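Protein chains in written order, with the numbering used here: chain B, 1 to 208; chain C, 1001 to 1208; chain P, 2001 to 2208; chain V, 3001 to 3208. All C-beta atoms in this analysis are idealised placements derived from N, C-alpha and C, irrespective of residue type, glycine included. Keep in mind that this is a model prediction, so the values were computed, not measured. In what follows, a structure is listed as structure tokens, so that the remarks can point back to it.
There are 4 protein chains.
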Amino acid sequence: MPPAKKSPAPAAPARPNSARRSEASRRAILTAAFELAGELGYAKLSIEAIAARAGVGKQTIYRWWPTKGAVLFDAFLMLSEGPDGDAELPDTGDIEADLKTVLRATVEELADPRIAEPMRALSTEIAHDPQLAALYAERLDEPVRELKRARLRKAQQAGQLAADLDLDVAVDAIWGPLLNRWLLRTGPVTTAYTDAVVETALRGLRAS
Amino acid sequence: MPPAKKSPAPAAPARPNSARRSEASRRAILTAAFELAGELGYAKLSIEAIAARAGVGKQTIYRWWPTKGAVLFDAFLMLSEGPDGDAELPDTGDIEADLKTVLRATVEELADPRIAEPMRALSTEIAHDPQLAALYAERLDEPVRELKRARLRKAQQAGQLAADLDLDVAVDAIWGPLLNRWLLRTGPVTTAYTDAVVETALRGLRAS
Amino acid sequence: MPPAKKSPAPAAPARPNSARRSEASRRAILTAAFELAGELGYAKLSIEAIAARAGVGKQTIYRWWPTKGAVLFDAFLMLSEGPDGDAELPDTGDIEADLKTVLRATVEELADPRIAEPMRALSTEIAHDPQLAALYAERLDEPVRELKRARLRKAQQAGQLAADLDLDVAVDAIWGPLLNRWLLRTGPVTTAYTDAVVETALRGLRAS
Amino acid sequence: MPPAKKSPAPAAPARPNSARRSEASRRAILTAAFELAGELGYAKLSIEAIAARAGVGKQTIYRWWPTKGAVLFDAFLMLSEGPDGDAELPDTGDIEADLKTVLRATVEELADPRIAEPMRALSTEIAHDPQLAALYAERLDEPVRELKRARLRKAQQAGQLAADLDLDVAVDAIWGPLLNRWLLRTGPVTTAYTDAVVETALRGLRAS
DNA sequence: AACTAATCGAGACGGTACGTCAGGTCTTCTG
DNA sequence: CAGAAGACCTGACGTACCGTCTCGATTAGTT
Chain B
1 MPPAKKSPAP AAPARPNSAR RSEASRRAIL TAAFELAGEL GYAKLSIEAI AARAGVGKQT
61 IYRWWPTKGA VLFDAFLMLS EGPDGDAELP DTGDIEADLK TVLRATVEEL ADPRIAEPMR
121 ALSTEIAHDP QLAALYAERL DEPVRELKRA RLRKAQQAGQ LAADLDLDVA VDAIWGPLLN
181 RWLLRTGPVT TAYTDAVVET ALRGLRAS
Chain C
1001 MPPAKKSPAP AAPARPNSAR RSEASRRAIL TAAFELAGEL GYAKLSIEAI AARAGVGKQT
1061 IYRWWPTKGA VLFDAFLMLS EGPDGDAELP DTGDIEADLK TVLRATVEEL ADPRIAEPMR
1121 ALSTEIAHDP QLAALYAERL DEPVRELKRA RLRKAQQAGQ LAADLDLDVA VDAIWGPLLN
1181 RWLLRTGPVT TAYTDAVVET ALRGLRAS
Chain P
2001 MPPAKKSPAP AAPARPNSAR RSEASRRAIL TAAFELAGEL GYAKLSIEAI AARAGVGKQT
2061 IYRWWPTKGA VLFDAFLMLS EGPDGDAELP DTGDIEADLK TVLRATVEEL ADPRIAEPMR
2121 ALSTEIAHDP QLAALYAERL DEPVRELKRA RLRKAQQAGQ LAADLDLDVA VDAIWGPLLN
2181 RWLLRTGPVT TAYTDAVVET ALRGLRAS
Chain V
3001 MPPAKKSPAP AAPARPNSAR RSEASRRAIL TAAFELAGEL GYAKLSIEAI AARAGVGKQT
3061 IYRWWPTKGA VLFDAFLMLS EGPDGDAELP DTGDIEADLK TVLRATVEEL ADPRIAEPMR
3121 ALSTEIAHDP QLAALYAERL DEPVRELKRA RLRKAQQAGQ LAADLDLDVA VDAIWGPLLN
3181 RWLLRTGPVT TAYTDAVVET ALRGLRAS
């Protein structure tokens, strides 16, 4: 297996990224944006507040990001690039248990407003900005989705999942119900619920 | 004493609803709100614009609705109360075919910006306003969800679905993936996709 | 010719002046503008500062005045309409003494920054805005100029001034040197200077 | 004794003026400043615009001039040092005719926005900046004023003007009314007006 | 001829103010 | 007397410049 550990640079380019750009300001802005989204909620998240919290001129934000959503997006990107490396979903050999574990962790995250509120804010922006949505799909959703697919693929190869399963559909079958319930608040987001979702998705609705 | 003919159905009061209230203004406001959400998108949907389009003073909106989201909510409520009665989901006896039919219809609706944009707008407001979310869950989601449950229940009683199935989880398993994909734009919303979702949900992920 | 004593109302119209307009805000704005011009000087006179000092929204200023200069102009107008009535220049019968008296009073005013600074500010705006200049000429300069002409006319009728004198030119001959020296600071503005100006203007440069 | 041929005239140093300084940039800046003042008017005259027009970095301006007014001042200084040498006011022996000639030329200059607008801009800066005013008085006004005094002195010596005349007051009596009327736009600036001013100033206001 | 230090064009930075838009409250006038 | 009209204060928007501060790249004048 080739070494190729880590990828030399392309980690965070995305934007023109002039050599003159202040990395300190960039991090301060992204951190402030994430924090404020968590503290004030989406409604009161303003560029002015981000600039003030970050100790930065407004123009410095407008110079590098086209919209408030793009800032938030980069904030998530920055966080997601911290402790990743090549993380993997747990694999104990029991796909049902593993999926339950992962979803339970997600439920816990969503219970923390400091994480959930920024996620709601970003989700909202995505819902209304197709361009941002494309970026999101490519840079945030896809990497995570690949991890999910990978775990399912292993179960599939172990003969635990149907051989002809469309893994993208399978991922949606597991995570879609949870995310939809969480975002639209159509019901409580509990581990009992996610356990039921996993069981139901694996077994299918039909009478056996 | 007059028979009080007007409102036998407390379906839509919710708010004080003074006798003096102008029904014409109310309808104009709700119609304007829905149209503007469809035309301008969520970003440019302002109370001022709604008031202007409806030919109404701003105060008339603030008098009767607490937030922009509440207006939008009532606009959906008004629409949903038009041709409802006690509609039902189709029942040909083939639960898989029926679910595919229903989801295909949804896909079509979501392709129409005049419907999809207001829905995105409302979804956004719900995502950020728990109170509105509760209203939504009770007054808009629940009635529709009951129709869905009813259809699934019939299939269950016909022995097509598992006897111990949690129907709420089942509803989420069918509609959750679609709504999540649509709202977050993590992939194209097509009938091919919804067909696959229905098949997968019914059959389950496991190898048979 | 009927008495027509002065025009019944036009005290402060000038602008559309809706009936809804808040007189309190108007006065607060004009007062704040005048004071700030005196305290901070022209450079730091900003609409934002005026609004803040007046306890008023910026929009309330922009709603009623097109430019900063127009605010300043109205501030002067307000002041000039306070204690005027039909003031007159002093008339002791000695035109030279009277003119010296008047100019000495002007010198004193110009020595007070609270008066001189706003005047410099207004002068600047006038110098760069022909429209404002026209307003100034008509509503602020002309009334005062008429007082000056009136005094000179009396002296003329008393045979103290040349019968064929162009009174407008005469006014400029008296007040022009002073104002020019003051505004462009080409020399100290003292009563000795104004006395000399009056003497020279009356006597003429020529050898007798 | 060394030749020291370089600077016999300390006419224009004023500033440190390092040997390293780029003369090309200096001229480009002053020219751009003057042109922009004429084209855009005072309001839109910004250091950024000057730098852009001159093809120069902003710092190059800030390095050598303390304020925008100082740049404008030097621009005038540069122009005034071109075709001067030891110019003189015309002397035909007829002081009245000569003064009228000079003022008519001034009227013409003031009619050209490319000259008048920068002058208004500079005048404005002077009005609000005592330091700049002192420079102006010394380096731009005084040399011209000396020419004026010189012409009047000759007339005085020829017995045409009063022997005890204060020449500075006399200069103000001739030029003050014109400049004041021009800057504050209290009336049209015409040759008819300047002729009248000259006649009135020479003859005096008094009845003969 | 190589060094070196000031100056140059460029432009990012933290800020202030601009003039506009909308939010939500309050007041006035009209049907 | 409810409702349209809209003025009001507030606060955020996105832009223009401010004056300061790096960045390499010239470009003198030493060495």
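Asked	Found
Amino acids of chain P, ordered along the chain, whose beta-carbon sits closer than 9 Å to that of V:T3200	A2162, L2165, D2166, V2169, A2170, D2172, A2173, A2201, G2204
Integer-rounded CB distance, given that P:A2037 should sit under 8 Å from P:A2054	With a Cβ gap of about 13 Å, P:A2054 and P:A2037 do not count as contacting.
Beta-carbon proximity check, B:L30 vs B:V71, cutoff 8 Å	yes
Which of helix, strand or coil DSSP assigns to P:A2206	Reading off the sequence, residue 2206 of chain P comes out as Arg, not Ala. Of the three classes helix, strand and coil, the one that applies to P:R2206 here is strand, per DSSP.
CB contact below 8 Å: V:T3238 versus chain P	The structure shown does not extend to residue 3238 of chain V, since chain V spans only 3001 to 3208, so no value can be given for it.
Nearest neighbour of P:G2069, chosen from P:A2052, P:T2060, P:F2034, P:A2087 [CA to CA]	P:F2034
Closest Cα partner of P:I2095 within the set P:T2106, P:A2121, P:V2056, P:R2149	P:R2149
Separation of B:G82 from B:L140, as counted between CA atoms	13 Å
Whole-Å CB distance - B:G204 paired with C:G1159, under 8 Å assumed	Not confirmed; about 15 Å, so no contact.
Local Cβ density within 10 Å of V:A3173, reported as buried at 16 or more and exposed below that	buried
Chain C contacts from the region 34-52 of chain B (Cβ-Cβ distance under 9 Å)	G41, Y42, A43
Min CB distance V:R3020 to chain P below 8 Å	no
Contact check, C:N1180 vs B:G176, beta carbons under 8 Å	yes
Per DSSP, cross-strand counterpart(s) of V:L3161	P:R2206
Start-to-end residues for the alpha helix (DSSP H) that takes in V:S3022	Per DSSP, V:S3022 belongs to no alpha helix (DSSP H) and is neither H nor E.
C-beta neighbour in chain C for B:L184, strict 8 Å	yes
Inter-residue spacing [alpha-carbon to alpha-carbon] between B:G41 and B:I61	20 Å
Test: C:D1094 CB closer than 8 Å to a CB of chain B	no
Cβ-based neighbour list, B:T190, same chain, cut-off 7 Å, excluding 5 preceding and 5 following	V107
Simplified DSSP assignment, three categories, for B:R185	coil
B:A155 classed as buried or exposed, judged by whether at least 16 other C-beta atoms fall within 10 angstroms	buried
Residues that P:D2141 contacts on chain V, provided the C-beta gap is smaller than 7 Å	T3186
Presumed contact (8 Å Cβ cut-off) between B:L152 and B:V171, rounded CB distance	7 Å
Nearest residue (CA-CA) to V:V3144, options V:E3117, V:D3195, V:A3043, V:S3080	V:S3080
Nearest-angstrom Cα separation, counted from P:Q2131 out to V:R2979	This structure gives no information on residue 2979 of chain V, because the portion of chain V shown stretches from 3001 to 3208.
C-alpha gap between B:A75 and B:P118, whole angstroms	9 Å
Cutoff 8 Å: V:A3070 Cβ touching any chain P Cβ	no
Own chain residues within Cβ distance below 7 Å of C:L1135, not counting five before or after	F1073
Nearest neighbour of V:L3147, chosen from V:P3066, V:M3078, V:T3067, V:P3090 [CA to CA]	V:P3090
CB contact below 8 Å: P:P2113 versus chain V	no
Range of the contiguous alpha helix (DSSP H) that encloses C:D1074	1068-1081
Residues that C:L1179 contacts on chain B, provided the C-beta gap is smaller than 7 Å	N180
Other residues of its chain near P:G2187: CB distance less than 6 Å, five sequence neighbours each side excluded	R2181
Minimum C-alpha distance to B:L161 - residue among B:L103, B:Q59, B:G93, B:R63	B:G93
Proximity below 8 Å, CB of P:A2196 to CB of V:V3169	yes
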